[in-house]
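**Q** What follows is a structure written as structure tokens; I'll ask about it next.
Residue numbers (our numbering), protein chains in the order written: chain A, 54 to 481; chain B, 54 to 481.
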């Protein structure tokens with residue numbers, strides 16, 4: 054029986070015992086952090102080979118470049134080939150950047166602001182009345198922070214189980230020329246974990262935006278980050294775009310990195326785009342830098358010489374992460390099934406579980422957790438301008454904690470969710 | 054006797070034998086490259102310790118951060134301390150960035166274009182009529198390329214033996230509000246190799262620009278890159294600015310890197326600025342990236358734990374580079390002294406020798422060298438818009454070639470300089 058269908062007297066009695074349980078928890082003085090999508094220490098150990106891959110004797114790339122010296126703007130050929138094989142994108146459409154795909158995204162928007170997209174249209178900073186981005190929500194806070202900082206107006210679009218609400222996306226982009234882009238995490242989406250369906254990918258490729266410089270920011274952060282061997286399959290947006298033509302291909306800016314394959318913050322990131330866009334990006338990047346860190350590129354390709362090696366690595370990650378996601382799922386289910394106090398995603402990969410509590414309860418749950426020693430991602434973080442209009446979404450990052458700590462943290466979370474839900478029902 | 058004072062008959066006869074020497078050289082089919090300020094292979098060997106500094110067991114920073122994971126936006130404390138000791142800048146005024154100081158400079162100008170300098174003034178991209186930079190010339194082509202690409206108008210200012218012509222700099226910045234910055238390579242300047250005098254540094258700190266958002270881009274790329282133990286001493290601009298006050302300190306954006314200490318393109322770069330500016334930079338950088346590559350920072354500080362270790366490394370570099378600069382100086386002197394065909398700089402550090410041939414002769418020398426198998430940096434590269442109004446400056450990069458090849462290349466260069474000079478005198 055859900056809380057909403059339970060009589061108030063029963064609820065009041067349940068609340069009383071929940072409060073006594075809460076006080077017991079609080080007295081333990083926990084300090085548990087569910088905020089960040091960080092690999093756990095065991096995962097870091099999987100990539101130590103990267104640290105010792107190079108010595109003075111083996112820094113020459115496939116085509117004879119000493120990676121200890123200047124040269125090579127857009128990435129070592131063997132690293133392009135690795136990403137090409139892994140992501141099914143032609144190597145010539147790839148630029149290998151530095152350590153951060155977020156930085157490549159920021160730089161891409163900055164170029165659009167100052168130079169216009171591929172020099173085809175007005176720089177976004179000069180568009181009268183400003184420009185707008187569509188933001189499937191809940192989504193990734195750092196995407197939204199880029200827009201907010203650069204003064205790009207964000208329009209939320211609902212996320213469904215198979216991707217963004219494409220009816221809305223199509224309507225908006227075909228009617229408003231100031232809409233210049235959309236943020237997508239197409240596989241194991243942050244935070245809901247869902248993967249875009251074939252139909253959604255095809256509809257993206259088939260978009261006919263009013264803005265000729267409309268960009269699809271395809272942040273495939275979790276491209277190979279499956280928890281199970283029968284992982285979600287994401288259709289290739291470049292393949293679908295190629296069927297339609299250059300205007301479709303030119304919309305796509307594709308990002309990926311090894312941050313959660315090897316070392317976060319010390320991996321290798323890429324941007325992939327149409328041939329025309331790649332040429333345009335390189336023209337500006339050549340002014341921005343002499344080149345990215347080739348030694349780190351070489352380290353990575355020496356440890357992971359082909360896609361099969363990366364996939365083996367991802368199986369090792371999955372072996373560590375699977376139990377964590379299952380702990381979350383099992384405790385949420387055990388404690389909350391039938392209460393109507395929350396619904397949550399059951400991702401088959403990625404780094405997050407998205408949790409919707411009762412409307413108006415997220416802030417209360419956040420505060421209860423905080424006071425009991427469990428840190429959650431700020432309420433609203435998954436929404437443009439950090440504003441969750443229904444005050445209901447919470448993002449759970451289960452990867453960093455030990456399995457024991459995670460078990461404790463999720464149990465505390467469910468206790469707080471129950472308290473907030475019953476409080477709400479009692480007030481109704 | 055200079056060529057200009059020699060009778061034409063004698064010159065014609067000298068030219069004839071120079072042409073026959075030139076044809077002999079040409080027949081050898083040389084391929085020698087004097088274009089890039091790249092360390093030579095022997096120099097790269099000096100830093101191999103960086104490659105093997107880390108394994109899985111020693112990636113924890115001084116304050117307990119596992120550098121294999123996310124965290125730390127503005128650099129490891131121990132790396133800030135290293136640069137602080139080396140450059141005499143308080144650690145809290147330093148942000149440790151990625152692998153490229155050029156990228157930090159580009160990013161700094163981009164922030165000024167989009168957000169304004171420290172949010173104090175209008176973004177440069179919105180200034181009616183555009184903004185301007187002063188460019189001491191000859192100077193660094195990549196500085197000029199940033200301005201050109203971003204549409205910042207460049208005003209050349211003469212370089213003297215003790216730095217830029219400060220009378221002109223003071224006049225211009227105090228009268229024109231659209232002048233927003235100046236490029237400086239204050240020590241072993243690129244390409245002339247001179248170091249700014251104490252008086253010049255003091256006059257920089259004492260500038261009273263009409264533009265409140267005027268920036269001094271202090272690219273101290275060769276801060277510790279001395280060829281001789283009695284190296285040039287550069288006054289600390291931050292110390293001088295502190296004597297004047299916050300407006301002076303806020304003008305300074307200071308850059309340095311380990312590109313020519315350890316590995317070009319795989320080192321560590323910093324930006325240093327006033328406390329107020331650092332806070333403002335961090336506010337934007339926090340949106341741009343989750344963090345720079347801490348593992349590479351850690352590698353560097355493990356190999357070079359203090360300034361003394363860096364200075365020892367620089368002595369080893371100097372031991373390799375000194376003979377190269379002396380080869381250039383000796384051959385230029387032996388072949389050209391007294392001819393009036395060229396004057397050149399005698400740098401005590403850095404990576405370049407600047408050579409002024411007779412007016413109108415640089416392009417001719419460049420072409421003669423090219424056809425004889427010696428590549429020089431493009432004529433005009435050291436000037437804004439790649440335009441040397443007198444067609445006389447050439448930049449020589451003597452570091453990369455072996456001593457034998459360098460000897461050959463400089464001899465060929467002098468032969469071409471003589472031919473071009475005599476041709477000019479014969480036409481006069």
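Even for Gly, the Cβ is constructed at its ideal location relative to N, Cα and C.
(1) Give a yes or no on whether the minimum CB-CB distance between residue 121(B) and chain A is below 8 Å.
(2) Under the assumption that residue 406(A) contacts residue 398(A) (Cβ atoms under 8 Å), give the Cβ distance between them as a whole number of angstroms.
(3) Which residue's Cα is closest to the Cα of residue 146(A): 335(A), 211(A), 58(A) and 473(A)?
(4) Just confirm the distance between the C-beta atoms of residue 380(B) and residue 280(B), as a whole number of angstroms; I'd bet it's less than 8 Å.
(5) With 16 as the cutoff for other CB atoms within 10 Å, does residue 443(B) come out buried or exposed?
(6) Name the residue from 450(B), 177(B), 418(B) and 421(B) whose alpha carbon lies nearest to the alpha carbon of residue 265(B).
(7) Assign residue 90(A) to one of two classes, buried (16 or more other C-beta atoms within 10 Å of its C-beta) or exposed (fewer than that).
(8) Determine the DSSP secondary structure at residue 121(A), reduced to helix, strand or coil.
(9) When you compare the CB of residue 314(B) with every CB in chain A, is at least one pair closer than 8 Å?
(10) Which residues of chain A have a Cβ atom closer than 7 Å to the Cβ of residue 206(B), listed in chain order?
(11) Starting from the Cα of residue 162(A), find the closest Cα among 190(A), 220(A) and 197(A) and give me that residue.
(12) Take the Cβ of residue 301(B) as the centre, count every other Cβ of all protein chains shown within 10 Å, and call the residue buried at 16 or more, exposed below.
(13) Do we get a CB-CB distance below 8 Å when we pair residue 275(A) with the residues of chain B?
(14) Does the beta carbon of residue 202(A) come closer than 8 Å to any beta carbon on chain B?
(15) Measuring alpha carbon to alpha carbon, tell me which residue in 308(A), 129(A) and 470(A) is nearest residue 291(A).
(16) Leaving aside the five residues before and after residue 322(B) along the sequence, list all residues of the same chain whose C-beta is less than 6 Å from its C-beta, in chain order.
(17) Since residue 446(A) sits in a beta bridge, which residues does DSSP pair it with?
(18) Suppose you measure from the CA of residue 138(B) to the CA of residue 359(B); what does that come to, to the nearest Å?
(19) Just mark residue 72(A) as buried or exposed, buried being the case when its beta carbon has 16 or more other beta carbons within 10 Å.
(20) Is residue 355(B) closer than 8 Å to residue 165(B) when the C-beta atoms are compared?
(21) Anything in the region 340-361 of chain B with a Cβ closer than 8 Å to a Cβ of chain A? List those residues in chain order, please.
(22) Compare the Cα-Cα distances from residue 223(B) to each of 448(B), 259(B) and 203(B) and report the closest residue.
(23) Check whether the Cβ of residue 301(A) lies closer than 8 Å to any Cβ atom in chain B.
(24) Grab the span of the alpha helix (DSSP H) containing residue 272(A) for me, first residue to last.
(25) At the 8 Å Cβ level, is residue 131(A) part of the contact set with chain B, yes or no?
(26) Quick check on the DSSP output: the beta strand (DSSP E) that includes residue 190(B) runs from which residue to which?
(27) I'd like the ranges of any beta strand (DSSP E) spanning at least 3 consecutive residues and lying wholly in the region 122-188 of chain A.
(28) Identify whether residue 401(B) lies in helix, strand or coil by the three-state DSSP scheme.
(29) Tell me whether residue 316(A) sits in a helix, a strand or coil according to DSSP, three-state version.
(30) Distance check for residue 241(B) and residue 190(B), CA to CA, integer angstroms please.
(31) Are the CB atoms of residue 277(B) and residue 207(B) within a distance shorter than 8 Å?
(32) Check the DSSP bridge columns for residue 209(B) and list the partner residues they point to.
(33) Can the beta-carbon of residue 86(A) be found closer than 8 Å to that of residue 453(A)?
(34) Taking only the alpha-carbon atoms, compute the straight-line gap between residue 114(A) and residue 134(A) and give it to the nearest angstrom.
(35) For residue 200(B), tell me which candidate among 187(B), 238(B) and 373(B) has the shortest Cα-Cα distance.
(36) Look at the alpha carbon of residue 184(B) and the alpha carbon of residue 219(B), and state the distance between them as a whole number of angstroms.
**A** Checking against the coordinates, here is how it stands:
(1) Position 68 of the second chain holds residue 121(B). The beta carbon of residue 121(B) falls within 8 Å of a beta carbon belonging to chain A, placing the residue at that interface.
(2) As a position in the first chain, residue 406(A) is number 353, starting the count at 1. As a position in the first chain, residue 398(A) is number 345, starting the count at 1. Indeed they touch by this definition, with Cβ atoms about 6 Å apart.
(3) Reading the first chain from its first residue, position 93 is the one you call residue 146(A). When only C-alpha atoms are compared, the closest one is 335(A).
(4) Here residue 380(B) is taken as the residue at index 327 of the second chain, counted from 1. Here residue 280(B) is taken as the residue at index 227 of the second chain, counted from 1. So it is not a contact: roughly 13 Å between Cβ atoms.
(5) For the purposes of this step, residue 443(B) is taken as the residue at position 390 of the second chain. Residue 443(B) counts as exposed, since fewer than 16 other C-beta atoms from the protein chains shown sit within 10 angstroms of its C-beta.
(6) Residue mapping note: residue 265(B) aligns to position 212 of the second chain, counting from 1. The residue among 450(B), 177(B), 418(B) and 421(B) with its C-alpha nearest the C-alpha of residue 265(B) is 177(B).
(7) Counted from its first residue, the first chain places residue 90(A) at position 37. Counting of Cβ neighbours within 10 angstroms places residue 90(A) among the buried residues, the total reaching 16 or more.
(8) Looking up residue 121(A) in the first chain gives position 68. Coil.
(9) Locating residue 314(B) in the second chain gives position 261, counting from the first residue. No, residue 314(B) does not count as interfacial toward chain A.
(10) In the second chain, residue 206(B) corresponds to position 153, counting from 1. Correct list: empty, because the minimum Cβ distance to chain A is about 16 Å.
(11) Stepping through the first chain from its first residue, residue 162(A) is reached at position 109. Of 190(A), 220(A) and 197(A), the residue nearest in Cα terms is 197(A).
(12) Here the question's residue 301(B) lines up with position 248 in the second chain. Flag for residue 301(B) reads buried.
(13) Position 222 of the first chain holds residue 275(A). It does not; no Cβ of chain B falls within 8 Å.
(14) Locating residue 202(A) in the first chain gives position 149, where the first residue counts as 1. Yes, residue 202(A) lies at the interface with chain B (some Cβ there is under 8 Å from its Cβ).
(15) As a working note, residue 291(A) is residue 238 in the first chain. Out of 308(A), 129(A) and 470(A), 308(A) has the C-alpha closest to the C-alpha of residue 291(A).
(16) By one-based count along the second chain, residue 322(B) stands at place 269. If the five residues before and after residue 322(B) are omitted, its C-beta is found closer than 6 Å to the C-beta atoms of 150, 153, 154, 157 and 310, all from its own chain and listed in chain order.
(17) The residue you call residue 446(A) lines up with position 393 of the first chain. Bridge partners of residue 446(A) according to DSSP: 409(A).
(18) Numbered from 1 along the second chain, position 85 holds the residue referred to as residue 138(B). Numbered from 1 along the second chain, position 306 holds the residue referred to as residue 359(B). Computed Cα separation, rounded: 7 Å.
(19) Here residue 72(A) refers to the residue found at position 19 when the first chain is read from its first residue. Label assigned to residue 72(A): exposed.
(20) The count along the second chain starts at 1 and reaches residue 165(B) at position 112. The count along the second chain starts at 1 and reaches residue 355(B) at position 302. Contact flag unset, no.
(21) Look at the region 340-361 of chain B: the residues with a C-beta under 8 Å from a C-beta of chain A are 340, 341, 342, 343, 344, 345, 346, 347, 348 and 349.
(22) The residue labelled residue 223(B) in the question sits at position 170 within the second chain. Among 448(B), 259(B) and 203(B), the Cα nearest to that of residue 223(B) belongs to 259(B).
(23) Against the first chain, residue 301(A) aligns to sequence position 248. No, its Cβ sits nowhere closer than 8 Å to a Cβ of chain B.
(24) Reading the first chain from its first residue, position 219 is the one you call residue 272(A). DSSP places residue 272(A) outside any alpha helix (DSSP H); the residue lies instead in the beta strand (DSSP E), whose first and last residues are 268-272.
(25) Counting from 1 along the first chain, the entry for residue 131(A) is found at position 78. No - not a single Cβ of chain B is within 8 Å of the one on residue 131(A).
(26) Indexing the second chain from 1 puts residue 190(B) at position 137. Run containing residue 190(B): 185-190, per the beta strand (DSSP E) assignment.
(27) Counting only runs of 3 or more, we get 147-149.
(28) Taking the second chain and counting its residues from 1, one reaches residue 401(B) at position 348. Looking at residue 401(B) - three-state DSSP - the assignment turns out to be coil, as it is neither helix nor strand.
(29) Numbered from 1 along the first chain, position 263 holds the residue referred to as residue 316(A). Coil at residue 316(A), not helix or strand.
(30) Taking the second chain and counting its residues from 1, the one referred to as residue 190(B) is at position 137. Taking the second chain and counting its residues from 1, the one referred to as residue 241(B) is at position 188. Cα-Cα distance, rounded: 14 Å.
(31) Taking the second chain and counting its residues from 1, one reaches residue 207(B) at position 154. Taking the second chain and counting its residues from 1, one reaches residue 277(B) at position 224. When the beta-carbon positions are compared, residue 207(B) and residue 277(B) stay at least 8 Å from each other.
(32) By 1-based counting over the second chain, the position of residue 209(B) is 156. Paired residue(s): 188(B).
(33) As a working mapping, residue 86(A) is identified with position 33 in the first chain. As a working mapping, residue 453(A) is identified with position 400 in the first chain. In contact: residue 86(A) and residue 453(A) (Cβ atoms closer than 8 Å).
(34) Walking along the first chain from the start, residue 114(A) turns up at place 61. Walking along the first chain from the start, residue 134(A) turns up at place 81. Pairing residue 114(A) with residue 134(A), the inter-Cα distance amounts to about 13 Å.
(35) Here residue 200(B) corresponds to residue number 147 of the second chain, with the count starting at 1. Proximity to residue 200(B) across 187(B), 238(B) and 373(B) peaks at 187(B), based on C-alpha coordinates.
(36) For this step, residue 184(B) is matched to residue 131 along the second chain. For this step, residue 219(B) is matched to residue 166 along the second chain. The C-alpha of residue 219(B) is placed about 20 Å away from the C-alpha of residue 184(B).
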